[in-house]
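*Asks:*
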Amino acid sequence: MDSTTTAPLLQPSAASSKEGPGPAPAQHGEGSRELEAILADASKPWAWRAWEGARLELPLLLRVALPAVAVYMINFVMSMSTQIFAYAANFPIQKFLQAQSIVAPSAYISVATLALHLGLSWVAVYRLGLGLLGGSLVLSFSWWVIVAAQFGYIVTSARCRDTWTGFTTQAFSGLGTFFKLSAASAVMLCLETWYFQIIVLIAGLLKNPELSLDSLSICMNVNAWVFMISVGFNAAASVRVGNELGAGNPRAAAFSVFMVTSLSFIAATVCAVVVLCLRDQLSYFFTGGEAVARAVSDLCPLLAATLVLNGIQPVLSGVAVGCGWQAFVAYVNVGCYYVVGVPLGVFLGFYLDLGAKGVWSGMVIGGTLTQTLILLWVTVRTDWNKEVENAKARLDKWDDKKQPLLVED
């Protein structure tokens with residue numbers, strides 16, 4: 009998924025640009041196939057690493073904090089290792105469609121797969137008695153269903169006839185250049201995603217770790233649900249900004265940033281208000297227990313603040329991707345999350361004995377808030393005319409590494 013954030017940088021520009029040695033649709037298709045080739049190779053060591061990590065390292069970590077759940081987590085992680093390959097295929101396909109403003113088919117496929125996933129999960133977990141193992145296996149299977157359905161649409165749809173011409177050796181040229189662009193994107197997203205996993209590990213070392221993990225897990229699940237709304241706006245922002253920059257429309261790119269950020273902020277604010285109104289009942293949607301309910305209610309103000317910030321930050325990250333600022337955002341993530349956020353969370357959670365609230369406060373203040381303010385400041389000061397020139401230069405540099413797909417007489 010991380011490397012696919014490069015796709016909005018090149019694919020939309022190629023799809024929108026009227027210049028170049030070959031037809032733009034064909035260039036767009038080649039970019040998608042390059043990305044798939046890179047991610048397919050990159051998935052192999054990650055899948056092996058997930059398997060070995062679950063087999064050797066995860067048991068040690070969990071037996072220190074929560075011995076009772078160690079066995080279940082090991083089986084869950086190991087059975088999901090094949091899902092990494094589905095990610096490698098799915099996200100380039102999605103970006104390939106989004107760059108052409110083809111969104112509805114992916115949405116319909118996702119809804120249908122969700123219905124199938126719910127039914128199969130119930131059968132595997134309860135009827136067959138497979139528990140967490142069954143849930144993880146069904147999850148991996150569902151992702152492959154999405155991949156197969158979307159690829160089938162691309163191959164058979166007339167809308168992709170000009171952009172998808174099949175796999176050729178041309179797709180494997182220029183992989184080095186594409187990989188360099190992907191590296192910064194991968195670092196940018198990995199640093200942000202791993203940060204949330206570190207928060208969970210830290211919470212497992214707090215006093216009363218079961219209660220801390222229960223309350224944090226519920227809040228992070230709610231945050232993840234609402235975050236998906238912002239991820240949708242993130243995709244829209246990165247693709248739209250990339251399209252407008254590639255087409256040479258700086259004012260349209262700036263207007264797109266304003267509109268997408270505003271809509272995402274409004275949606276996140278509404279969700280935050282709902283969370284505050286249901287703070288005393290929120291935990292009962294997940295589990296019972298009065299102690300957990302009180303802990304979740306205590307975290308809800310911080311959760312609401314996080315939701316509002318996450319209505320802005322992912323969209324600005326999408327803008328950064330569309331403009332090619334991945335390396336800059338990676339440095340921002342290191343500073344905000346790991347230099348400020350984690351130490352502040354540890355200090356508040358352990359030394360001031362604020363527990364889960366302290367850990368979450370460090371994440372919100374040090375990580376999300378600081379990052380959002382920096383990205384907002386950079387976006388407001390952006391010279392969009394210069395970004396149009398930079399987009400054209402990146403596309404020309406990428407094209408120079410490849411042979412023309414069509415030579416005009």
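Going by my numbering, the sequence shown opens with residue 9, and the numbers climb by one from there. The beta carbon of each residue, even a glycine, is placed where N, CA and C say it ideally should be.
(1) Anyone know if the C-beta pair for Ala276 and Leu315 falls short of 7 angstroms?
(2) DSSP three-state call for Asn216: helix, strand or coil?
(3) Grouping DSSP H, G and I as helix and E and B as strand, with all else coil, what is Asp361?
(4) Could you tell me the boundaries of the alpha helix (DSSP H) in which Gly353 lies?
(5) Since Asn318 contacts Val249 with CB under 8 angstroms, what's their CB separation in whole angstroms?
(6) Determine, using beta carbons only, whether Ala94 and Val153 come nearer to each other than 7 angstroms.
(7) Might you give, ordered along the chain, the residues of its own chain that have their beta carbon closer than 8 angstroms to the beta carbon of Glu252, omitting 5 neighbours on each side?
(8) Below 6 angstroms CB to CB, which residues in the same chain sit around Ile210 once its five sequence neighbours on both sides are set aside?
(9) In the structure shown, what three-state DSSP assignment does Lys400 receive?
(10) When the distance is taken between beta carbons, is Asn231 closer than 7 angstroms to Pro322?
(11) In its own chain, which residues sit with a C-beta less than 8 angstroms from the C-beta of Leu284, not counting the 5 before and 5 after it?
(12) How would you label Trp385, buried or exposed, when you count the other beta carbons within 10 angstroms and need 16 or more for buried?
(13) Alpha carbon to alpha carbon, how far is Ala245 from Leu136?
(14) Just to confirm before moving on: does the CB-CB distance between Ile237 and Phe294 stay below 7 angstroms?
(15) Write down the C-beta distance between Ile320 and Ser369 rounded to the nearest angstrom, noting that I regard them as a contact closer than 8 angstroms.
(16) DSSP three-state call for Ala255: helix, strand or coil?
(17) Starting from Thr164, trace the alpha helix (DSSP H) in both directions and tell me its first and last residue.
(18) Can you tell me where the alpha helix (DSSP H) holding Arg302 begins and where it ends?
(19) Take Cys331 and list the residues in its own chain whose beta-carbon comes closer than 6 angstroms to its own, dropping the five residues that flank it on each side.
(20) In terms of residues, what are the limits of the alpha helix (DSSP H) holding Gln289?
(21) Can you tell me which of Trp333, Gln106 and Leu145 puts its alpha carbon nearest to the alpha carbon of Ile92?
(22) Does the contact criterion of 3 or more C-beta pairs under 8 angstroms hold for the region 161 to 174 versus the region 288 to 302?
(23) Using the Cβ count rule (16 or more neighbours within 10 Å means buried), how would you classify Tyr116?
(24) Can you name the start and end residues of the alpha helix (DSSP H) that Thr378 belongs to?
(25) Compute the distance between the beta-carbons of Leu140 and Phe99, then report whether it is under 7 angstroms.
(26) Would you mind working out which of Gly326, Ile162 and Ala123 sits nearest Thr269, comparing C-alpha positions?
*Replies:* Once the coordinates are examined:
(1) yes
(2) coil
(3) coil
(4) Counting along the chain, the alpha helix (DSSP H) containing Gly353 begins and ends at Val350 to Val354.
(5) Between Val249 and Asn318 the Cβ distance is about 19 angstroms, and since that is not below 8 angstroms, they are no contact.
(6) no
(7) Ser24, Pro258, Ala260, Ala261 and Ser264
(8) Leaving aside the five residues that flank Ile210 on each side, the residues in its chain whose CB is nearer than 6 angstroms to its CB run, in chain order, Val367.
(9) Three-state DSSP puts Lys400 in a helix.
(10) no
(11) Its chain contains Cys308, Pro309 and Ala312 as the residues whose beta carbon lies nearer than 8 angstroms to that of Leu284, once the 5 sequence neighbours on both sides are disregarded; these appear in chain order.
(12) Residue burial is scored here from C-beta neighbours: Trp385 has fewer than 16 other C-beta atoms within 10 angstroms and is therefore classed as exposed.
(13) 43 angstroms
(14) no
(15) Wrong, their Cβ atoms sit about 19 angstroms apart, outside the cutoff.
(16) coil
(17) Gly139 to Thr164
(18) Glu298 to Asn318
(19) Glu395
(20) That residue, Gln289, is in no alpha helix (DSSP H); it is neither H nor E in DSSP.
(21) Leu145
(22) As far as the Cβ criterion goes, the region 161 to 174 does not touch the region 288 to 302, which means the pair count is below three.
(23) exposed
(24) Thr378 to Val388
(25) no
(26) Gly326
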